[in-house]
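Chemist: Protein sequence lines correspond, in order, to chains X and S. Throughout the first sequence, residue numbering follows my numbering, covering 88 to 566 in sequence. Throughout the second sequence, residue numbering follows my numbering, covering 88 to 566 in sequence.
There are 2 protein chains.
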Amino acid sequence: MASGGSLEWRVNVGDGATEVLRPEGSFVGRMVMGVKGFVWGLFVKGWMFLEKAWGIANSEPKKAVHGLKVGLALSIVSVFYYMRPLYEGIGGNAMWAIMTVVVTFESTVGATFYKCVNRVIGTSLAGGLGIGVHWVAAESGDRFEPIILGISLFLLASATTFSRFIPSIKTKFDYGAMIFILTFCLVSISSYRVDKLFELAHTRLTTIAIGTSLCIIVSMLFCPMWAGSQLHSLVFRNLDKLADGLDGCVSEYFKNVDDPEMENENQECHDSKAQSYKCVLNSKASEESMANFARWEPAHGRFGFRHPWKKYLEVGVAMRKCAYCIEALHDCLNSEIKAPNSLKLLLVEPCKALSTSSSKVLKELSIVIKTMKKSTKIDLEVSDMNIAVQELQAAIASFPSTQTANEEHEAATIPPLMELLPLATLVSLLIETASRIEHVVNAVETLANVANFDSEEEKKRSSLDNNDHHVAMRVFPEA
Amino acid sequence: MASGGSLEWRVNVGDGATEVLRPEGSFVGRMVMGVKGFVWGLFVKGWMFLEKAWGIANSEPKKAVHGLKVGLALSIVSVFYYMRPLYEGIGGNAMWAIMTVVVTFESTVGATFYKCVNRVIGTSLAGGLGIGVHWVAAESGDRFEPIILGISLFLLASATTFSRFIPSIKTKFDYGAMIFILTFCLVSISSYRVDKLFELAHTRLTTIAIGTSLCIIVSMLFCPMWAGSQLHSLVFRNLDKLADGLDGCVSEYFKNVDDPEMENENQECHDSKAQSYKCVLNSKASEESMANFARWEPAHGRFGFRHPWKKYLEVGVAMRKCAYCIEALHDCLNSEIKAPNSLKLLLVEPCKALSTSSSKVLKELSIVIKTMKKSTKIDLEVSDMNIAVQELQAAIASFPSTQTANEEHEAATIPPLMELLPLATLVSLLIETASRIEHVVNAVETLANVANFDSEEEKKRSSLDNNDHHVAMRVFPEA
Chain X
88 MASGGSLEWR VNVGDGATEV LRPEGSFVGR MVMGVKGFVW GLFVKGWMFL
138 EKAWGIANSE PKKAVHGLKV GLALSIVSVF YYMRPLYEGI GGNAMWAIMT
188 VVVTFESTVG ATFYKCVNRV IGTSLAGGLG IGVHWVAAES GDRFEPIILG
238 ISLFLLASAT TFSRFIPSIK TKFDYGAMIF ILTFCLVSIS SYRVDKLFEL
288 AHTRLTTIAI GTSLCIIVSM LFCPMWAGSQ LHSLVFRNLD KLADGLDGCV
338 SEYFKNVDDP EMENENQECH DSKAQSYKCV LNSKASEESM ANFARWEPAH
388 GRFGFRHPWK KYLEVGVAMR KCAYCIEALH DCLNSEIKAP NSLKLLLVEP
438 CKALSTSSSK VLKELSIVIK TMKKSTKIDL EVSDMNIAVQ ELQAAIASFP
488 STQTANEEHE AATIPPLMEL LPLATLVSLL IETASRIEHV VNAVETLANV
538 ANFDSEEEKK RSSLDNNDHH VAMRVFPEA
Chain S
88 MASGGSLEWR VNVGDGATEV LRPEGSFVGR MVMGVKGFVW GLFVKGWMFL
138 EKAWGIANSE PKKAVHGLKV GLALSIVSVF YYMRPLYEGI GGNAMWAIMT
188 VVVTFESTVG ATFYKCVNRV IGTSLAGGLG IGVHWVAAES GDRFEPIILG
238 ISLFLLASAT TFSRFIPSIK TKFDYGAMIF ILTFCLVSIS SYRVDKLFEL
288 AHTRLTTIAI GTSLCIIVSM LFCPMWAGSQ LHSLVFRNLD KLADGLDGCV
338 SEYFKNVDDP EMENENQECH DSKAQSYKCV LNSKASEESM ANFARWEPAH
388 GRFGFRHPWK KYLEVGVAMR KCAYCIEALH DCLNSEIKAP NSLKLLLVEP
438 CKALSTSSSK VLKELSIVIK TMKKSTKIDL EVSDMNIAVQ ELQAAIASFP
488 STQTANEEHE AATIPPLMEL LPLATLVSLL IETASRIEHV VNAVETLANV
538 ANFDSEEEKK RSSLDNNDHH VAMRVFPEA
């Protein structure tokens with residue numbers, strides 16, 4: 088392969104310019120060029136795909152780790168069956184173990200648990216029922232057997248498929264219902280005798296048990312990814328993003344008021360930070376699925392077995408209501424009607440004070456959730472925010488006279504109320520945002536109470552009592 | 088079974104009251120009572136579950152139909168294999184056909200297509216690759232065989248699992264990637280000889296082909312549910328809901344201004360209609376998955392093969408921006424600061440005119456999408472809306488003097504600007520909503536152009552030409 092002739096030939100084909108010079112006919116040349124272009128195009132596409140994949144793996148190494156974990160689990164189960172003589176090709180028992188691993192291994196522990204439990208329950212129930220129906224059909228003679236089997240299959244498959252649309256089934260047993268139908272079909276129409284069916288059911292359950300245990304062990308032991316932890320960090324990160332969005336929005340609006348010569352550097356970076364709240368608007372679906380999976384997870388880290396994941400959803404709902412308000416705020420400020428700087432100047436202080444105190448509250452809430460400790464500062468900051476609201480209202484109340492004074496030495500070309508519109512909107516929406524932040528505060532407080540977040544007082548009490556005891560409490564929270 | 092004795096015995100057990108009267112000791116009695124309570128509880132729960140299911144089946148009969156369709160497909164495939172002698176119990180070839188039906192039969196045609204195509208592609212690719220790897224491993228001797236198999240399995244499973252996180256793979260080939268891993272594992276570690284593997288691959292592909300064709304035929308022939316049609320109606324229904332939400336919000340705000348003695352009947356009904364826009368806020372996920380599935384669907388009804396489903400998503404984005412604004416509008420109007428009726432009276436006319444013309448535009452857009460005909464009225468209605476915006480701005484512009492006049496004969500206890508806040512917010516948000524509705528109009532117009540909606544002029548032209556031709560065009564749109 089590394090001989091001179093072969094190398095020479097390759098260079099000739101690889102290098103289009105040389106090829107064209109050869110007098111072998113333009114058809115071959117064009118063919119080669121075409122193939123070359125096609126291969127090159129494929130290569131470039133493949134390369135771009137790999138670069139994208141590499142980017143994802145770099146930014147979220149957990150996803151690459153999940154891939155490796157699946158590879159590991161499959162290798163283990165394959166080696167296990169490869170070594171054993173009972174394995175006899177596709178269709179043997181190994182298949183069920185491998186299939187279980189491929190189908191139930193999800194990226195979070197909760198989702199893996201959900202699928203494993205559903206698979207075991209669905210298979211057991213359907214296996215039992217299927218054997219029963221099979222027995223009844225076999226007893227009722229050759230003539231009725233296919234009729235009984237067909238009707239029971241049709242009815243159960245229809246009813247179970249329909250039940251997957253019912254919300255309570257859908258959230259908890261969607262996958263189990265599918266496995267139920269599958270197993271029931273396989274068992275009820277199989278032509279085995281009933282005693283052989285029992286043996287079969289036994290081996291199938293054993294292999295599924297092996298597959299599910301392996302999935303659960305691998306997903307929990309090697310870099311476990313908990314749906315609960317993901318939900319937890321999603322919520323506190325979203326709170327931070329809301330705070331940034333609110334701050335960014337207000338400072339963007341007033342940016343040239345204080346100092347019109349202010350430099351615009353770091354503007355883009357600041358913009359992207361201010362825009363990040365937008366992902367809060369669409370986080371409902373991912374929050375709900377994470378909370379759904381988190382319920383299946385055992386106690387881990389700082390989260391107990393019955394950690395109130397539903398309460399995170401309530402915080403999420405309150406946050407989204409805030410985000411809608413900030414979204415409206417953001418776009419109203421970009422509206423066509425611009426308030427003159429002279430008017431803006433009058434409100435810049437109270438508006439900025441309110442947005443700063445509001446975002447402080449949000450950031451404090453984010454810290455409360457992040458550290459899972461009740462805050463002593465939060466009440467103070469909420470009352471700061473309320474004072475800022477009152478000051479803004481007071482500023483508005485004293486506004487007309489000031490504005491009239493302004494009007495006297497300015498020629499009013501546009502009617503004053505038109506100019507006031509965006510400012511009035513800003514003020515209303517800021518006040519509305521503050522009132523919605525109070526709902527977020529309430530939701531977080533409920534969460535903190537139900538989830539028994541540490542409070543400073545309790546901490547002091549427990550540190551007087553015994554320091555080690557307190558640490559133990561946090562590592563193994565009461566289930 | 089229907090003999091009198093047997094019937095008698097059953098009644099005795101079934102009827103708890105008879106049982107309790109017998110003097111057999113209180114323990115048994117309590118047991119019976121306990122069992123009775125448990126059974127009764129189960130019965131009540133089951134009954135409630137059935138009632139709920141019945142409610143769902145009644146309100147959305149398509150879901151029940153889907154259940155029946157799955158039952159039908161499974162019955163057909165089961166009967167097919169039950170009749171044939173080649174079927175030999177679980178693990179035989181029938182299993183793959185049944186499994187294919189259970190796993191790939193989704194409620195919409197598009198989702199079924201997506202899963203079927205993915206299943207066939209994934210199985211074929213992995214089968215080919217698996218046979219190749221199996222051959223290489225078998226050729227390289229007993230010593231290297233398990234090593235080559237293990238390493239290739241680990242690497243491919245890891246890489247494919249990771250690739251499922253890459254967006255382009257995730258939206259189009261998520262299921263195919265899973266099937267790829269599954270088939271590759273099964274084939275590569277099977278202990279069959281290569282020539283037998285070919286035979287096996289052939290039968291497996293055949294059974295999968297039977298299963299997928301059956302799924303596609305049943306899902307398309309019996310009451311087909313098209314993801315595309317669902318997306319289509321979701322979008323035009325959401326437009327209607329937005330219009331209702333906007334109208335309801337504004338008329339709710341001004342409800343006691345014109346006629347404070349107005350009756351409050353039908354209030355709740357009206358409220359629920361006005362609140363219905365809220366589901367627009369969270370429709371992103373379902374719109375995206377429907378658009379994703381709709382791309383797999385063949386031409387059906389009024390939709391061609393390359394119907395621009397992506398454009399519906401753009402309409403959806405524009406609609407959601409509108410909905411955020413209406414959400415802010417809705418809650419700001421319920422804020423603590425109330426504008427006095429005297430001030431409201433001054434703006435009731437232009438505000439109502441704007442909200443009416445805005446919701447007219449939205450309703451017209453809904454009709455455009457519903458009937459798939461370009462509207463001749465839409466330009467007129469958009470300019471009506473813009474005139475209403477200008478009139479509202481003019482009303483605001485003339486407001487200060489009017490308000491001052493009012494102030495003269497009213498004792499102003501609250502500073503006037505505070506009272507103005509909610510009204511100013513209403514006005515800004517209404518104007519902002521109108522400008523966002525224009526974005527919706529643009530998105531719908533792009534959709535209408537790309538999807539070749541009929542326009543009135545074309546209709547006239549074609550009706551002059553040939554009426555039948557026009558009908559034919561609508562039934563079989565150009566693909």
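From the three backbone atoms N, C-alpha and C, an ideal C-beta is built for every residue, glycine too.
1) Can you give the Cα-Cα distance for residue 189 of chain S and residue 317 of chain S, rounded to whole angstroms?
2) Please name the residue in X/246, X/301, X/293 and X/131 whose C-alpha comes closest to that of residue 156 of chain X.
3) Beta carbon of residue 187 of chain S, beta carbon of residue 268 of chain S: below 8 Å?
4) Straight-line CA distance for residue 244 of chain X to residue 277 of chain X?
5) How many Å lie between residue 399 of chain S and residue 319 of chain S at the Cα?
6) I want to verify the contact list: residues of chain X whose CB lies under 8 Å from the CB of residue 532 of chain S, in sequence order.
7) Quick check: what's the CA-CA separation for residue 124 of chain X versus residue 138 of chain X?
8) How about residue 210 of chain X and residue 291 of chain X: do their beta carbons lie closer than 8 Å?
9) Could you tell me the distance, in whole angstroms, from the CA atom of residue 208 of chain X to the CA atom of residue 144 of chain X?
10) For residue 352 of chain S, I'd like the list of residues in its chain whose CB is within less than 6 Å of its CB, leaving aside the five on either flank, ordered along the chain.
11) Along chain X, in chain order, which residues have C-beta atoms closer than 7 Å to that of residue 187 of chain S?
12) So what's residue 390 of chain X in DSSP terms, helix, strand or just coil?
13) On the CB-based measure, 16 or more other CB atoms within 10 Å of its CB, does residue 229 of chain S come out buried or exposed?
14) Just checking my contact of residue 481 of chain X with residue 405 of chain X at CB under 8 Å: how many whole Å lie between their CB atoms?
15) What are the residues of the region 220 to 238 of chain S that lie near chain X, defined by any Cβ-Cβ distance shorter than 7 Å?
16) Count the other CB atoms within 10 Å of the CB of residue 304 of chain S; is the residue buried (16 or more) or exposed (fewer)?
17) Check whether the Cβ atoms of residue 526 of chain X and residue 408 of chain X lie closer than 8 Å to each other.
18) Could you give the residue range of the alpha helix (DSSP H) that holds residue 55 of chain X?
19) Opposite residue 541 of chain X in the DSSP bridges: which residues?
20) Rounded to whole angstroms, what is the Cα-Cα separation between residue 140 of chain S and residue 204 of chain S?
21) When the Cα of residue 342 of chain X is compared with those of X/374, X/435 and X/307, which residue comes out closest?
22) Report buried or exposed for residue 536 of chain X, applying the criterion of at least 16 other Cβ atoms within 10 angstroms of its Cβ.
23) At the level of alpha carbons, what is the spacing between residue 232 of chain X and residue 286 of chain X?
24) Specify, as a first and last residue, the run of the alpha helix (DSSP H) that residue 270 of chain S falls within.
25) Work out the CA separation of residue 225 of chain S and residue 262 of chain X for me, nearest whole Å.
26) Counting only C-beta atoms, is residue 412 of chain S closer than 8 Å to chain X at any point?
27) So residue 448 of chain X packs on residue 468 of chain X, CB below 8 Å; how close in whole Å?
28) How would you call residue 92 of chain X, buried or exposed, if buried means at least 16 neighbouring beta carbons within 10 angstroms?
29) Check whether the Cβ of residue 509 of chain X lies closer than 8 Å to any Cβ atom in chain S.
30) Using a C-beta to C-beta distance shorter than 9 Å, which residues of chain X count as neighbours of residue 474 of chain S?
31) From this set, X/509, X/283, X/315 and X/126, which residue's C-alpha is nearest residue 457 of chain X's C-alpha?
32) Under 8 Å, Cβ to Cβ, is there at least one residue of chain X near residue 261 of chain S?
33) Shortest alpha-carbon distance to residue 413 of chain X belongs to which of X/135, X/142 and X/513?
34) Within the 8 Å Cβ cut-off, does residue 517 of chain X reach chain S?
35) Can you tell me which of the three DSSP states residue 308 of chain X falls into?
36) How long is the line joining the alpha carbons of residue 331 of chain S and residue 215 of chain S, rounded to whole angstroms?
Modeler: In this structure, then:
1) Taking the second sequence and counting its residues from 1, one reaches residue 189 of chain S at position 102. Taking the second sequence and counting its residues from 1, one reaches residue 317 of chain S at position 230. Going from the Cα of residue 189 of chain S to the Cα of residue 317 of chain S covers about 23 Å.
2) Residue mapping note: residue 156 of chain X aligns to position 69 of the first sequence, counting from 1. With respect to the C-alpha of residue 156 of chain X, the residue from X/246, X/301, X/293 and X/131 having the closest C-alpha is X/301.
3) By 1-based counting over the second sequence, the position of residue 187 of chain S is 100. By 1-based counting over the second sequence, the position of residue 268 of chain S is 181. No, the pair does not count as a contact, with Cβ atoms beyond the cut-off.
4) As a position in the first sequence, residue 244 of chain X is number 157, starting the count at 1. As a position in the first sequence, residue 277 of chain X is number 190, starting the count at 1. Separation of residue 244 of chain X and residue 277 of chain X (C-alpha to C-alpha, rounded to the nearest whole angstrom) is 16 Å.
5) The sequence position of residue 399 of chain S within the second sequence is 312, counting from 1. The sequence position of residue 319 of chain S within the second sequence is 232, counting from 1. Whole-angstrom Cα-Cα distance: 8 Å.
6) Locating residue 532 of chain S in the second sequence gives position 445, counting from the first residue. Chain-order list of chain X residues neighbouring residue 532 of chain S: empty, with the shortest C-beta distance near 21 Å, by a criterion of under 8 Å.
7) On the first sequence, residue 124 of chain X is found 37 positions in, with the first residue counted as 1. On the first sequence, residue 138 of chain X is found 51 positions in, with the first residue counted as 1. Put simply, the backbone Cα of residue 124 of chain X is about 21 Å away from that of residue 138 of chain X.
8) The count along the first sequence starts at 1 and reaches residue 210 of chain X at position 123. The count along the first sequence starts at 1 and reaches residue 291 of chain X at position 204. Their beta carbons are under 8 Å apart, which means residue 210 of chain X touches residue 291 of chain X by this criterion.
9) Counting from one through the first sequence, the residue named residue 208 of chain X turns up at place 121. Counting from one through the first sequence, the residue named residue 144 of chain X turns up at place 57. Roughly 35 Å between the two C-alpha positions.
10) In the second sequence, residue 352 of chain S corresponds to position 265, counting from 1. Here the model assigns residue 352 of chain S a pLDDT of 44, short of 50, so the residue's position is not dependable and the matter cannot be decided.
11) In the second sequence, residue 187 of chain S corresponds to position 100, counting from 1. Correct list: empty, because the minimum Cβ distance to chain X is about 10 Å.
12) What you label residue 390 of chain X is simply residue 303 of the first sequence in a count that begins at 1. Residue 390 of chain X: strand per DSSP, three-state reduction.
13) Here residue 229 of chain S corresponds to residue number 142 of the second sequence, with the count starting at 1. The Cβ neighbour count for residue 229 of chain S, taken over all protein chains shown within 10 Å, is under 16; the residue is labelled exposed.
14) As a position in the first sequence, residue 481 of chain X is number 394, starting the count at 1. As a position in the first sequence, residue 405 of chain X is number 318, starting the count at 1. Rounded to the nearest angstrom, the Cβ distance from residue 481 of chain X to residue 405 of chain X is 27 Å, too far for a contact under 8 Å.
15) Answer set for the region 220 to 238 of chain S: 233 and 237.
16) In the second sequence, residue 304 of chain S corresponds to position 217, counting from 1. With fewer than 16 other Cβ atoms within 10 Å, it is exposed.
17) Indexing the first sequence from 1 puts residue 526 of chain X at position 439. Indexing the first sequence from 1 puts residue 408 of chain X at position 321. Yes.
18) A query on residue 55 of chain X cannot be resolved here, the shown segment of chain X reaching from 88 to 566 and no further.
19) Locating residue 541 of chain X in the first sequence gives position 454, counting from the first residue. Answer is X/460.
20) Counted from its first residue, the second sequence places residue 140 of chain S at position 53. Counted from its first residue, the second sequence places residue 204 of chain S at position 117. C-alpha separation (whole angstroms): 32 Å.
21) In the first sequence, residue 342 of chain X corresponds to position 255, counting from 1. Minimum Cα distance to residue 342 of chain X is reached at X/435.
22) The count along the first sequence starts at 1 and reaches residue 536 of chain X at position 449. The residue is exposed, with fewer than 16 neighbouring Cβ atoms inside 10 Å.
23) Along the first sequence, one-based indexing puts residue 232 of chain X at 145. Along the first sequence, one-based indexing puts residue 286 of chain X at 199. Rounded to the nearest whole angstrom, the C-alpha separation of residue 232 of chain X and residue 286 of chain X is 22 Å.
24) Translated into the one-based positions of the second sequence, residue 270 of chain S becomes position 183. Annotation for residue 270 of chain S: the continuous alpha helix (DSSP H) segment containing it runs 254 to 275.
25) Within the first sequence, numbered from 1, the residue matching residue 262 of chain X stands at position 175. Within the second sequence, numbered from 1, the residue matching residue 225 of chain S stands at position 138. Counting only the Cα atoms, residue 225 of chain S lies some 38 Å from residue 262 of chain X.
26) Taking the second sequence and counting its residues from 1, one reaches residue 412 of chain S at position 325. Closer than 8 Å to some Cβ of chain X, the Cβ of residue 412 of chain S qualifies, so yes.
27) For the purposes of this step, residue 448 of chain X is taken as residue 361 along the first sequence, with counting starting at 1. For the purposes of this step, residue 468 of chain X is taken as residue 381 along the first sequence, with counting starting at 1. Contact between residue 448 of chain X and residue 468 of chain X holds, with the beta-carbon distance rounding to 5 Å and staying under 8 Å.
28) Translated into the one-based positions of the first sequence, residue 92 of chain X becomes position 5. Reliability fails at residue 92 of chain X, whose pLDDT of 39 lies under 50, so the model's placement of it is uncertain and the value that follows must be treated cautiously. Exposed is the label assigned to residue 92 of chain X, since fewer than 16 other Cβ atoms lie within 10 Å of its Cβ.
29) Here residue 509 of chain X refers to the residue found at position 422 when the first sequence is read from its first residue. Yes, residue 509 of chain X lies at the interface with chain S (some Cβ there is under 8 Å from its Cβ).
30) Here residue 474 of chain S corresponds to residue number 387 of the second sequence, with the count starting at 1. None at all; the shortest Cβ gap to chain X is about 16 Å.
31) The count along the first sequence starts at 1 and reaches residue 457 of chain X at position 370. Residue 457 of chain X has its Cα closest to that of X/315, out of X/509, X/283, X/315 and X/126.
32) In the second sequence, the residue the question calls residue 261 of chain S occupies position 174. False, the Cβ-Cβ gap to chain X never drops below 8 Å.
33) Translated into positions along the first sequence, residue 413 of chain X becomes position 326. Selected option, being the one with the closest Cα: X/513.
34) Start at 1 with the first residue of the first sequence, and residue 517 of chain X comes out as number 430. Not one beta carbon of chain S lies nearer than 8 Å to the beta carbon of residue 517 of chain X.
35) One-based indexing of the first sequence puts residue 308 of chain X at position 221. Helix, per DSSP.
36) Within the second sequence, residue 331 of chain S is the residue found at index 244, counting from 1. Within the second sequence, residue 215 of chain S is the residue found at index 128, counting from 1. Roughly 56 Å between the two C-alpha positions.
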